[in-house]
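Novice: First, the structure itself, so that you have it in front of you.
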Amino acid sequence: MNEEKRSRKILDRLREEYPDAHGSSLDYDGPIQLLVATILSAQSTDEKVNEITSKLFKRYSSAKDFAEADRDELESLIYSSGYYRNKAKWIQETCERIVKDHNSKVPREIDDLVKLEGVGRKTANIVLSDSFGTNQGIPIDTHVKRLTKRLGFSEAENRNKMEQKLMDLIPRDRWYEYATLLVSHGKRFCKARKPKCDECVINDLCPTAFSHG
DNA sequence: CTCCCGATAT
DNA sequence: ATATCAGGAG
Numbered sequence: 304m305n306e307e308k309r310s311r312k313i314l315d316r317l318r319e320e321y322p323d324a325h326g327s328s329l330d331y332d333g334p335i336q337l338l339v340a341t342i343l344s345a346q347s348t349d350e351k352v353n354e355i356t357s358k359l360f361k362r363y364s365s366a367k368d369f370a371e372a373d374r375d376e377l378e379s380l381i382y383s384s385g386y387y388r389n390k391a392k393w394i395q396e397t398c399e400r401i402v403k404d405h406n407s408k409v410p411r412e413i414d415d416l417v418k419l420e421g422v423g424r425k426t427a428n429i430v431l432s433d434s435f436g437t438n439q440g441i442p443i444d445t446h447v448k449r450l451t452k453r454l455g456f457s458e459a460e461n462r463n464k465m466e467q468k469l470m471d472l473i474p475r476d477r478w479y480e481y482a483t484l485l486v487s488h489g490k491r492f493c494k495a496r497k498p499k500c501d502e503c504v505i506n507d508l509c510p511t512a513f514s515h516g
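Read left to right, the first sequence gives residues 304 to 516 (the working numbering).
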């Protein structure tokens, strides 16, 4: 079976398994908040991020709020997500730039988004897909990277090359679906440490099933 | 490549 | 004790 057919069968089967997997599981109201929440989600869990943003967005909610926030207070509010100094700096510099150069609105083009401090292609693609409903790329996070490698669709190298490979393999209208379904599956079964291949609904389509020790 | 960094699972 | 969590910058 060729890669296109195998990838299609995998997506179809995962869609049955996760019919409710739409977009991110982050809590937010509007593009700015999604952008902030996604910056916070680096090397953290979305559960932890939601816990933080439930308080954070009551204190600061607009780009202007974050741009003018007290750095120490912002750091203390996001402390438990890790990388709190970098993240506070990124959130503020990004929001300052959005207020000054983008009329306080989150840019809708990926080339503009990735110029913002702390915003890479993964974060940009999530905001574009989840908040604006466009698909200019595929967000490659730790789950998508791990599952893509295990499924044999790309040799991990770096995330940009993997994204390009997947953009060639997957039909454009399923790019974001690919990412969200692999994240869902990665969290529940195809875990980094002890993948549950015996319970996996696509183990017959996976070249590395039952070989993870 | 290294560094940033706390919380949680194993 | 160590690996991992919807990464990005230098």
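We put the beta carbon where it would ideally sit given N, CA and C, even for glycine.
No experiment lies behind these values; they were computed from the predicted model shown.
Using only the alpha-carbon positions, how far apart do Asp414 and Val422 sit?
Specialist: Whole-angstrom Cα-Cα distance: 11 Å.
Novice: Out of curiosity, what's the CA-to-CA distance linking Ile381 and Thr426?
Specialist: Going by the C-alpha atoms only, they are around 18 Å apart.
Novice: Looking only at its own chain, which residues have a Cβ that is under 7 Å from the Cβ of Ala372, when we skip the five neighbours before and after it?
Specialist: Contacts found: Tyr363 and Gln395.
Novice: Which term fits His446, buried or exposed, when burial requires 16 or more other beta carbons within 10 angstroms of its beta carbon?
Specialist: Burial call: buried.
Novice: Which of helix, strand or coil does DSSP assign to Val504?
Specialist: If DSSP states are grouped into helix, strand and coil, Val504 belongs with coil.
Novice: Tell me, please, whether the region 314-333 touches the region 426-440 by the rule of three or more beta-carbon pairs shorter than 8 Å.
Specialist: Flag = yes, the region 314-333 and the region 426-440 touch.
Novice: Can you tell me which of Lys452, Leu338, Ile429 and Asn428 puts its alpha carbon nearest to the alpha carbon of Cys398?
Specialist: Comparing Cα-Cα distances from Cys398 to each of Lys452, Leu338, Ile429 and Asn428, the minimum goes to Leu338.
Novice: Could you tell me which of Glu306, Glu412 and Arg318 sits nearest to Asn438, measuring between CA atoms?
Specialist: When only C-alpha atoms are compared, the closest one is Glu412.
Novice: Tell whether a beta-carbon distance below 7 Å holds between Arg462 and Ile441.
Specialist: Contact: no.
Novice: I need the boundaries of the alpha helix (DSSP H) containing Ser368, first residue and last residue.
Specialist: Residue 368 is actually Asp in this sequence, not Ser. Segment Ala366 to Ala370, the alpha helix (DSSP H) holding Asp368.
Novice: Looking only at its chain, what residues have a beta carbon closer than 6 Å to the beta carbon of Val504, apart from the 5 residues adjacent to it on each side?
Specialist: Same-chain partners within the cutoff: Arg316 and Glu320.
Novice: Taking a contact to mean a Cβ-Cβ separation below 7 Å, would you say Ala391 touches Glu376 in this structure?
Specialist: No.
Novice: Please state the DSSP three-state secondary structure of Arg496.
Specialist: Here Arg496 sits in coil by DSSP.
Novice: Where does the unbroken alpha helix (DSSP H) through Thr348 begin, and where does it stop?
Specialist: From DSSP, Thr348 is part of no alpha helix (DSSP H); its letter is neither H nor E.
Novice: Could you give the distance in angstroms between the alpha-carbon of Asn428 and the alpha-carbon of Lys312?
Specialist: For Asn428 and Lys312, the distance between alpha carbons rounds to 24 Å.
Novice: Thinking Ile355 and Ser384 are a contact (beta carbons under 8 Å), I'd like their distance in whole angstroms, please.
Specialist: 6 Å between Cβ atoms; contact.
Novice: Could you check whether Thr483 and Ala324 sit closer than 7 Å to each other, using their CB atoms as the reference points?
Specialist: Contact flag set, yes.
Novice: Between which two residues does the alpha helix (DSSP H) holding Tyr479 run?
Specialist: That run of the alpha helix (DSSP H) goes Trp478 to Arg491.
Novice: Do you know how far the Cα of Ser310 is from the Cα of Ile473?
Specialist: So the two alpha carbons sit approximately 7 Å from each other.
Novice: I need the DSSP call for Gln439, collapsed to helix, strand or coil.
Specialist: Of the three classes helix, strand and coil, the one that applies to Gln439 here is coil, per DSSP.
Novice: Just how far apart, CA to CA, sit Phe492 and Leu343?
Specialist: Cα to Cα, Phe492 sits roughly 24 Å from Leu343.
Novice: Please tell me whether Ala345 and Ser407 are closer than 7 Å, where the distance is taken between their beta carbons.
Specialist: In this structure, Ser407 does not lie closer than 7 Å to Ala345 by Cβ.
Novice: For the alpha helix (DSSP H) that Ala340 lies in, which residues bound it at each end?
Specialist: First-last of the alpha helix (DSSP H) with Ala340: Pro334 to Leu343.
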